[in-house]
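Peer 1: Under my numbering, the letters of the sequence shown match residues 7 to 581, in that order. Glycine included, each C-beta is placed from N, C-alpha and C at the ideal position.
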Amino acid sequence: MFEKALKVLQEHGVVIKNPFEKVIFGNQTEEKGDTLIIKNIPDGLLYLLNKDQGKQKTTNSFKHVSTMIDLSRNAVMNFKFFQETIIKHALFGYDEVWLYMEDTFEVPAEPMFGYLRGKYQKEELIRMVEFASSLGITLIPCVQTLGHMAQFLRWYSSTKYRDTFDVLKVDSDATYQLIENIIKTLKEVFKTDKIHVGMDETFGLGFGRYYKEKGYKPQPELFINHLKKVNDICLKHGFNNVYIWSDMFFRMYSVNEYYYDTSISFEKTFVEQIPENVGLVYWDYYNEDKKIVTKMLENHLKLKRKVIFASGTWIWTKLTYDKTKTDKTALMHIKAAAENKIEEICFTQWQDDGSYCDYPSIDVGLFDMSNAIAKNSLDISVFKTVTGKNYQEEILYDKINQINAIPINLLWDDILFGIYKNQRFGTKPEAYNEVILGYQNYLKVLEKNKLEAVIYDFAKLILIKLQFRQNLLANYQNNKPLKELFPLLDELATQLSRVIKRFKENWLNRYKINGLEVIESRLYVFYGRIEDAKYLFEKYDKKEIKELNFLTEKSLKEPYLSPKFTDTFYTTKVF
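#1: Can you give me the C-alpha to C-alpha distance between Tyr53 and Gly39, rounded to a whole angstrom?
#2: Given Lys200, which residues of its chain have a CB within under 6 Å of its CB, disregarding the five upstream and five downstream residues?
#3: Which of helix, strand or coil does DSSP assign to Trp104?
#4: Using only CA atoms, which one of Phe373, Ser260, Gly120, Ile314 lies nearest to Ile351?
#5: DSSP three-state label for Arg133, please.
#6: Helix, strand or coil for Gly50? Go by DSSP, reduced to three states.
#7: Once DSSP output is grouped into helix, strand and coil, what is the label at Leu309?
#8: So, do the region 400-419 and the region 80-99 have three or more beta carbon pairs nearer to each other than 8 Å?
#9: Please report how far the alpha carbon of Glu568 lies from the alpha carbon of Lys579, in whole angstroms.
#10: Start and end of the beta strand (DSSP E) containing Glu36?
#11: For the region 103-117 and the region 137-152, state whether three or more C-beta atom pairs, one from each stretch, are separated by less than 8 Å.
#12: Kindly indicate the opening and closing residues of the beta strand (DSSP E) around Ser72.
#13: At the level of alpha carbons, what is the spacing between Lys190 and Lys312?
#14: Quick one: grab the DSSP three-state call for Arg257.
#15: Let's test the definition: count the other Cβ atoms within 10 Å of the Cβ of Arg160 and tell me whether it reaches 16, buried, or not, exposed.
#16: Could you spell out the range, first to last residue, of the alpha helix (DSSP H) harbouring Thr574?
#17: What separation, rounded to the nearest whole angstrom, lies between the Cα atoms of Ala480 and Lys434?
#18: Using the C-alpha atoms, what's the distance from Lys466 back to Glu263?
#19: Excluding the 5 residues flanking Glu37 on each side, which residues of the same chain have their C-beta closer than 6 Å to its C-beta?
#20: For Leu174, I'd like the list of residues in its chain whose CB is within less than 6 Å of its CB, leaving aside the five on either flank, ordered along the chain.
#21: Just how far apart, CA to CA, sit Tyr576 and Gly534?
#22: Using 8 Å as the threshold, is the C-beta distance between Ser361 and Arg79 below it?
#23: Beta-carbon within less than 8 Å of Val135's beta-carbon, same chain only, minus the 5 sequence neighbours each way: which residues are those?
#24: For the beta strand (DSSP E) containing Tyr288, name the first residue and the last one.
#25: Check whether the Cβ atoms of Ala344 and Val299 sit closer than 8 Å, and answer yes or no.
#26: Alpha carbon to alpha carbon, how far is Lys28 from Asp359? Give it in angstroms, no decimals.
#27: Identify whether Thr144 lies in helix, strand or coil by the three-state DSSP scheme.
#28: For His70, which option in Ala81, Gln34, Gln62 has the closest C-alpha, if you only look at C-alpha atoms?
#29: Across which residues does DSSP place Ile351 in a beta bridge pair?
#30: Restricting to Cα atoms, I'd like to know which of Glu273, Gly99, Tyr121 is closest to Asn56.
#31: For Asp172, which residues in the same chain have their Cβ closer than 7 Å to its Cβ, ignoring the five residues on either side in sequence?
#32: Determine, using beta-carbon pairs with one atom in the region 57-67 and one in the region 112-126, whether at least three such pairs fall under 8 Å.
#33: Once DSSP output is grouped into helix, strand and coil, what is the label at Leu228?
#34: Three-state secondary structure (DSSP) at Tyr397?
#35: Mind reading off the beta-carbon distance from Leu457 to Leu402? Whole number of angstroms is fine, and I expect it under 8 Å.
#36: Measure from the alpha carbon of Phe31 to the alpha carbon of each residue in Gln408, Met74, Asn46, Asn484, then state which is nearest.
In structure tokens:
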């Protein structure tokens, strides 16, 4: 199997030297004389890459090290890009990859499931499973069987399954037939007996159509009964290891419905009802306080079921990988998991709000997490061997995440109303000086190092938007002609076209076309807003409009503003 993996890599242009006469499997990866003992194939591949640089990789305590690829937020990888991604995962030592698919896979009995979403056909998934397997990676189906089903439940024909807009109706024959069809399809594709059935963030469970039809029942009762039924279906079809996100157990027993409530205690009768084969995935992408994380792990372990830690390599609601945020969280999570003898750790790659992050930027995170697990024993040149890129240059992209303003909010913010900019900077033009300087310096760093990822074009677009806003406020407040801003608006339109072109090229090289329209529509709308601005400014300069009320209304601040497009761009909640 190991030799086969080396051969597959060679076919894809990756040559790894193997100086050992024998390679055998064992509990840890280590060398003994002319024999290499490997925990799994990816761990062995990483060991050889590091050895080729004269370094010895330190073994780790985890039974499985995995990532989770989000294939549900518009971006459905094509096979070629999937291969490139899996090769890098294997070389960085990840032996499992969870495929998060809410509805992006074919369920023959449900034609509207994943309709026009770029869903994988059965043959496509089988091909993906076989390729990953050839490199020693087990693909794990990671789906939803309760919440996060809005994409499917949007259709009228799905009404019979609906409790709320995104939660399935429990205690329903139709729902369990749907779930059985899903599980049966997955078992025909995946080679593993492990499945992740989701069930996170099901806040409205039992309070929608279920309540109207059957009345009130406590959420814990509904949840645990549903879990048992889903688990039985999984066992029936050969999925013996069933994972779920653990948050609802904690939210239902927290007086504040707060996942990270460390004061929670569980009733013994409730705990005993959790099927013994069910694994609880503790997800935590936010906490930087080790005391909280340790307490959460202790509370999970009290449930006396297998506990899996899911941290995150931050690419969601980001334009490029956020090394700064990941380092503050995931590096500590690794230590906490190891100290609490957690055997499996996963690094999620969520794509909330549309998958606009430049995905290859996550390579830095893949290396960093692998290196941390190996107790920093990896040679930095391993990164270049795997990716073809210079590590010290790649981490420069992260500097945009260190500027004191959220990049994605600045991108989505409307050029006229400026919900986020009002929140962050107010209405004084000079308040923009620092952030403008930050973006100017960021672009200079990228130019100096000849770094040309699409984030460069996005950063330049954001800079022009900031300069426009500053000048708009200054001109309006000082009674200067607003027509003076037309050159900046033209520059904005030109840069916008560059961004759209680069983004489209990247998308079509990596993903199926489905979902591209979501991001393009957000970007194209700014052309219309540029024309609106010119129209309004001409009218204002000619005294045909007395006031631009969006520039005179008092700027207010909220404790939190969502980074999502619909919450940042629109002043009216339309959907």
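Peer 2: On the basis of the supplied data:
#1: 15 Å
#2: Ile146, Asn247
#3: strand
#4: Ile314
#5: helix
#6: helix
#7: coil
#8: no
#9: At residue 568 the sequence reads Ser, which differs from the Glu that was named. Each residue's Cα considered, the two are about 13 Å apart.
#10: 36-38
#11: yes
#12: 70-76
#13: 24 Å
#14: helix
#15: exposed
#16: 571-574
#17: 8 Å
#18: 41 Å
#19: none
#20: Leu152, Met155, Tyr167, Thr181
#21: 14 Å
#22: yes
#23: Leu145, Val195, Phe196, Lys197
#24: 284-289
#25: no
#26: 48 Å
#27: strand
#28: Gln34
#29: Val71, Phe315
#30: Gly99
#31: Gly153, His154, Met155, Ala156, Leu159
#32: no
#33: helix
#34: helix
#35: 6 Å
#36: Asn46
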